[in-house]
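For the sequence shown, the working numbering gives the first residue as 29, with consecutive numbering after it.
In what follows, a single structure is set out as structure tokens and then discussed.
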Amino acid sequence: MRSPYKIIIIASLILLSFSLVFGVLSILSFLNIPVVAKWLPFQQARPVHVSSALFWIITAAVVGIMYYSEGNFPLSKKIANWKIAFAIIWLMGIVAIFISYFMGYFGGREYWEFPPQLNLLLLVAWLILLAGFYMDVIQKLKDKPVYIWMWFTGILFFFFTFSEQQLWQIPWFRNSFLKEMTVQWKSNGSMVGAWNQMVYGTAIYLMVKISGDESIGHSKKAYFSYFLGLTNLIFNWGHHIYNIPTATWIRDIAYGITMTEWILVLSIIQGFRNKLNERERLRHLLTYKLLIAAEFWVFLNLLLALLMSIPAINIYTHGTHITVAHAMGTTIGINSMILLASLTYMLQVDKRKSNRVDRYFRIGYWVTQSSLMVFWLSLIVAGILKGVKAVSSPTIAFADLMAPVYPMLRIFMYSGIFLLIGMTILAVLLLYSVQRMANSK
Ligand code: HEM
């Protein structure tokens with residue numbers, strides 16, 4: 029593996045660790061634990077946590093896309109210059125963003141709360157990625173499997189939604205609260221759809237390679253899932269703006285199509301699982317286990333999302349920790365598991381693993397899965413307690429509303445610490461594999 033890939037992989041794992049550490053610091057600060065709250069207020073810890081989580085997902089997805097598209101389609105012998113240019117500018121942007129956070133310069137809007145000028149670096153890097161991927165892969169490759177379309181769609185729509193996210197800088201949007209909120213929530217909602225295309229495309233690629241069954245990438249179900257994902261990407265932001273007075277048809281469409289994509293992803297993974305024989309399963313055990321974990325979390329989050337979308341239940345859940353459970357349940361349980369699977373595959377951890385690596389992997393894996401379950405459930409219970417009280421006693425003081433919620437948030441905090449430990453073990457094993465990887469590719 030050549031150095032630009034290694035550097036991006038290392039950067040993505042550092043971002044993952046940052047996200048975990050600042051997630052724990054955020055909740056310690058929120059619960060007013062003096063030693064943390066005194067020097068790191070929640071409103072500063074949260075943006076660092078959320079930005080590093082989003083950059084971890086996007087960076088790990090992109091490095092996989094660049095590496096796999098090269099490995100499968102030997103269009104150039106040496107690493108293309110656009111990949112190097114992307115890596116340098118993208119990582120420079122991220123470093124500048126964290127420096128500005130640590131120096132106390134905030135700005136921007138939710139999830140991207142840094143001085144907006146820094147977006148220029150991200151935008152330039154992304155345009156390079158878009159042009160490079162289009163010219164090297166999309167244009168030259170005949171008979172493209174579905175994951176190539178998913179990757180390209182994800183990259184293209186990330187560009188659209190990222191640009192849309194910046195519309196608040198135009199006074200016409202900024203001067204109206206409703207316009208600004210609509211465009212913020214809409215663009216953030218669609219952006220999730222964009223990176224899901226990149227991440228789910230990666231999951232399909234891994235299933236094709238592990239099983240050796242190329243038909244998974246050309247199956248009718250996979251293409252149907254792609255088009256459904258695209259429809260979701262274009263329309264499902266409607267469920268992010270339920271609370272804004274908009275045309276009813278927008279809500280109705282969003283409500284109708286939101287869950288469909290996940291059901292298909294679930295059935296593709298299940299089909300792959302049923303087809304895989306024991307030998308292939310064992311040969312890619314670590315990657316396989318992480319993909320199966322993602323399948324499990326797709327199922328649980330699908331259940332939660334279906335319940336949350338029922339209007340009679342949504343009255344209680346809206347604006348509670350259930351929304352946070354939904355956000356973290358999907359970004360950790362689904363996106364991060366698929367991306368960890370992708371990194372183990374890229375770094376050939378299964379081929380090179382020793383008994384010691386295997387043992388630590390098992391520990392990291394099970395600590396992650398079990399603590400994530402407690403973490404997720406504690407947020408849901410906290411949300412139910414808050415939602416029921418808020419609806420039954422609408423005039424209640426905030427302190428009284430939150431009193432029954434705090435014990436649950438403490439459980440959330442402890443499980444978060446275990447999640448930090450479990451995922452850090454996995455991240456360290458991957459960093460160790462980067463170091464061991466011979467310059468073979
Ligand atoms: C890879 C791991 C993680 C990812 C990808 C992740 C992702 C996210 C995302 C996307 C949000 C925004 C949620 C929203 O706006 O509704 C968030 C918020 C948050 N996360 Fe995480 N998270 C991770 C790990 C953790 C850990 C280990 C903790 C520790 C307890 C934690 C604590 C928090 C807190 C306190 C918030 C703010 C919730 C609020 O504003 O009410 N996260 N996280």
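Where is the CB? At the ideal position from N, CA and C, for every residue including glycine.
What you are looking at is a predicted structure, and each value in this text was computed from that prediction instead of being measured.
Nearer than 6 Å: is that true of the beta carbon of I360 relative to any heavy atom of the ligand HEM? Taking the sequence shown and counting its residues from 1, one reaches residue 360 at position 332. Checking every heavy atom of the ligand HEM against the Cβ of I360, one is found closer than 6 Å.
Tell me which residue opens and which closes the alpha helix (DSSP H) that P432 is part of. For this step, residue 432 is matched to residue 404 along the sequence shown. No alpha helix (DSSP H) contains P432, which DSSP labels as neither H nor E.
Please name the residue, chosen from A275, I285 and S239, that lies closest to S253 on a Cα-to-Cα basis. On the sequence shown, position 225 is the one that residue 253 refers to. S253 has its Cα closest to that of I285, out of A275, I285 and S239.
To the nearest angstrom, how far is it from the Cα of G121 to the Cα of V49? Numbered from 1 along the sequence shown, position 93 holds the residue referred to as residue 121. Numbered from 1 along the sequence shown, position 21 holds the residue referred to as residue 49. In a straight line, the C-alpha of G121 is about 21 Å away from that of V49.
What's the C-alpha gap between L318 and R464? As a first step, residue 318 is located in the sequence shown; it is residue number 290 there, counting from the start. As a first step, residue 464 is located in the sequence shown; it is residue number 436 there, counting from the start. About 21 Å.
Near V91, which residues of its chain fall below 7 Å by C-beta distance, leaving aside the five closest residues on each side in sequence? Against the sequence shown, residue 91 aligns to sequence position 63. Cβ neighbours of V91 beyond the five flanking positions: Y33, I36, I37 and S40.
Whose C-beta lies closer than 6 Å to the C-beta of A25 among residues of the same chain, with five residues either side of it excluded? Not covered by the structure: residue 25. The range shown for the chain is 29 to 469.
Closest by C-alpha distance to D171, when choosing among F186, M374 and G245: Locating residue 171 in the sequence shown gives position 143, where the first residue counts as 1. Nearest of F186, M374 and G245 to D171, Cα basis: G245.
For A333 and N363, what's the separation of their Cα atoms in angstroms? As a working note, residue 333 is residue 305 in the sequence shown. As a working note, residue 363 is residue 335 in the sequence shown. Using only the alpha carbons, I get a separation of about 16 Å.
On the DSSP bridge assignment, give the partners of W140 in chain order. Numbered from 1 along the sequence shown, position 112 holds the residue referred to as residue 140. For W140, which the question treats as bridged, DSSP gives the partners R137.
What I want to know is whether the C-beta of A427 ends up closer than 6 Å to one or more non-hydrogen atoms of the ligand HEM. Residue mapping note: residue 427 aligns to position 399 of the sequence shown, counting from 1. Checking every heavy atom of the ligand HEM against the Cβ of A427, none is found closer than 6 Å.
With respect to 6 Å, is the separation between the Cβ of L447 and the closest non-hydrogen atom of the ligand HEM below this value? What you label residue 447 is simply residue 419 of the sequence shown in a count that begins at 1. Flag set: Cβ of L447 near the ligand HEM.
Using the three-state DSSP reduction, which class does M131 fall into: helix, strand or coil? On the sequence shown, position 103 is the one that residue 131 refers to. M131 falls in the coil class under three-state DSSP.
Run through the region 221-298 for me and flag every whole alpha helix (DSSP H) of 4 or more residues, listed as ranges in chain order. 248-263 and 276-285
According to DSSP, is A455 part of a helix, a strand, or is it coil? If you number the sequence shown from 1, residue 455 lands on position 427. In this structure, A455 counts as helix in the three-state DSSP scheme.
With three or more beta-carbon pairs closer than 8 Å as the criterion, would you say the region 193-204 touches the region 275-282? no
Taking buried to mean at least 16 other C-beta atoms within 10 Å of its own C-beta, is M131 buried or exposed? Counted from its first residue, the sequence shown places residue 131 at position 103. Under this definition M131 is an exposed residue.
Among L447, A418, S128 and M235, which one has its Cα closest to the Cα of F300? Position 272 of the sequence shown holds residue 300. Cα-wise, what sits closest to F300 is M235.
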